[in-house]
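Data block below; observations after.
Below, the structure written as structure tokens:
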């Protein structure tokens, strides 16, 4: 624990946070404040995430130039030139695709960075924000607390809070401090304990394991993943609040979900809402308009599967991530059709549907399914030389036996 608080990263974090609080809370509104905060965030983003790589300076410099070029296109698009909107929106997503598919121009944090830029373009096009000053554009994209692990917080949140607009009031300092403390407990203590129960640790003794042990390892990784990810986001949100910056919440007690559909409304909320706004809703509308023989209920199902395959790919390019996306997509498709049947026959009106025991059963079933699915991420399959076909063969042999 002491090594955490006295590590180089922790010292950098204290220096950054102190300077950021001073700039955001003490300096008057204006370009000097904006560019000061931009330089601070870009400088610490480089130090923390790029400086250790011998080509980090080149990669960072090129990424800044690329993002500056996209900002110029956004400004052109604000003159209502439709082709510029499309270019500004698809440029960061194309960058992400080339990086993941071909390894071209890969940088740390690109997954979140590209989604933030695309969402910013979407917000500007819908006039949720009237202008995007270059200094605040850079501040938002290189904002240290959210750069690496999110959330994918909208530019409108940053713009309103950084400019001290009346609709946003920062939380008390004590509340922000408690949020950071809660995040550290989850990130360091809880995640540290349950990481030992994940498959790569718990099942790495090269002996035969019972099915119950596999389930325990899956739940161990699930708890680790939640504590690690939500704890990091708690720290990010708390640090941002100390500066007076509003960041979108990313978790809403996902372990209480009664279905996979509800789970994804509670887990990684910023990614779920990004996919809903940018991919799912437009895709459903496109399918309904252009494929008139496809009933809307099927258009929604197809869109669910497309969205979750994209979510799997966004997390990683290995077969396990595609499989996770497919399994979650399949779960939502099944729930979608099942819900239609339930509503059609009014099966949700019976007394059993509101019984506490039935709700608890759905919570247990949902969490068990989620734990088993996400456990595919808990093992470095490539390092062990196990492909999807190998895993399927082993599971089939185990079941037949």
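Numbering (this note's numbering), first residue to last: 1 to 401.
Where a beta carbon is used, it is the ideal one built from N, C-alpha and C, also for glycine.
In this text the structure is predicted, and so the values were computed from the model without any measurement.
Residue of the options minimising C-alpha distance to residue i
| i | options | result |
| --- | --- | --- |
| residue 24 | 156, 12, 37 | 37 |
| residue 168 | 260, 118, 158 | 158 |
| residue 18 | 119, 239, 182, 235 | 239 |
| residue 231 | 249, 289, 293, 66 | 249 |
| residue 147 | 284, 236, 288 | 236 |
| residue 67 | 135, 16, 181 | 135 |
| residue 229 | 212, 215, 251 | 251 |
| residue 32 | 133, 317, 344 | 133 |
| residue 16 | 139, 35, 8, 41 | 41 |
| residue 303 | 292, 289, 317, 282 | 282 |
| residue 213 | 305, 349, 198 | 198 |
| residue 138 | 95, 268, 13, 60 | 60 |
| residue 225 | 295, 268, 211, 101 | 268 |
| residue 334 | 305, 175, 370 | 305 |
| residue 44 | 14, 54, 34 | 14 |
| residue 241 | 357, 293, 215, 178 | 178 |
| residue 301 | 284, 8, 290, 291 | 284 |
| residue 371 | 173, 321, 215 | 215 |
| residue 79 | 112, 110, 127, 62 | 127 |
| residue 62 | 34, 110, 83 | 110 |
| residue 378 | 196, 358, 174, 355 | 196 |
| residue 145 | 112, 7, 290 | 112 |
Other residues of its chain near residue i: CB distance less than 7 Å, five sequence neighbours each side excluded
| i | result |
| --- | --- |
| residue 164 | 29 |
| residue 373 | 324, 327, 328 |
| residue 129 | 123, 155, 156, 159 |
| residue 182 | 234 |
| residue 280 | 303, 307 |
| residue 270 | 150, 151, 152, 153, 248, 250 |
| residue 92 | 70, 114, 117, 118 |
| residue 245 | 24, 158, 161, 162 |
| residue 362 | 258, 259 |
Sequence-distant residues of the same chain with beta carbon closer than 6 Å to residue i, five excluded per side
| i | result |
| --- | --- |
| residue 120 | 155 |
| residue 64 | none |
| residue 243 | 20, 21, 24 |
| residue 427 | Outside the displayed range of the chain (1 to 401) lies residue 427, so it cannot be described from this structure. |
| residue 108 | 49 |
| residue 87 | 73 |
| residue 100 | 317 |
| residue 85 | 77, 125 |
| residue 89 | 118, 121 |
| residue 140 | 155, 158 |
Extent of the continuous alpha helix (DSSP H) run through residue i
| i | result |
| --- | --- |
| residue 83 | 82–102 |
| residue 40 | 31–49 |
| residue 233 | 211–243 |
| residue 258 | Careful: residue 258 lies outside any alpha helix (DSSP H) and carries neither H nor E. |
| residue 131 | Unbroken run through residue 131: none, as it is neither H nor E. |
| residue 369 | 356–374 |
| residue 281 | 281–290 |
| residue 293 | Taken as a continuous stretch (DSSP letters only), residue 293 belongs to no alpha helix (DSSP H), as it is neither H nor E. |
| residue 67 | 56–77 |
| residue 273 | 269–275 |
| residue 21 | 8–26 |
| residue 196 | Neither: residue 196 is in no alpha helix (DSSP H) and is coded neither H nor E. |
Beta-carbon contacts of residue i that lie in its chain and below 8 Å, excluding the five residues immediately before and after
| i | result |
| --- | --- |
| residue 227 | 186, 187, 190, 191, 194 |
| residue 297 | 336, 337, 340 |
| residue 265 | 252, 257, 272 |
| residue 11 | none |
| residue 275 | 307, 310, 311 |
| residue 278 | 118, 119, 122 |
| residue 288 | 294, 296, 299 |
| residue 399 | At residue 399, the pLDDT of 45 sits below 50, so the modelled position is not reliable; the number obtained from the coordinates is stated separately. No residues qualify anywhere along the chain. |
| residue 9 | 48 |
| residue 95 | 66, 105, 110, 114 |
is_contact[residue i, chain D] using C-beta, thresh 8 Å
| i | result |
| --- | --- |
| residue 272 | Reference to chain D is not applicable here, since this structure consists of a single protein chain. |
heavy atom of the ligand NAP below 7 Å from residue i C-beta
| i | result |
| --- | --- |
| residue 289 | Looking at this structure, you won't find the ligand NAP or any other ligand, since it has none at all. |
Which ranges would you report for the alpha helix (DSSP H) in the region 296–327 if only whole runs of at least 4 residues count? 296–315
Using a Cβ distance threshold of 8 Å, determine whether the region 216–225 contacts the region 107–126, with at least three qualifying pairs required. no
Count Cβ pairs between the region 331–343 and the region 312–322 that sit closer than 8 Å; are there 3 or more? no
May I ask you to verify whether the region 355–366 touches the region 252–262, counting CB pairs closer than 8 Å and requiring at least 3? yes
Residue ranges of each alpha helix (DSSP H) within the region 121–182, 4 or longer: Every unbroken stretch of the alpha helix (DSSP H) spanning 4 or more residues and falling wholly within the region 121–182 is given here in chain order: 134–141, 144–147, 155–162.
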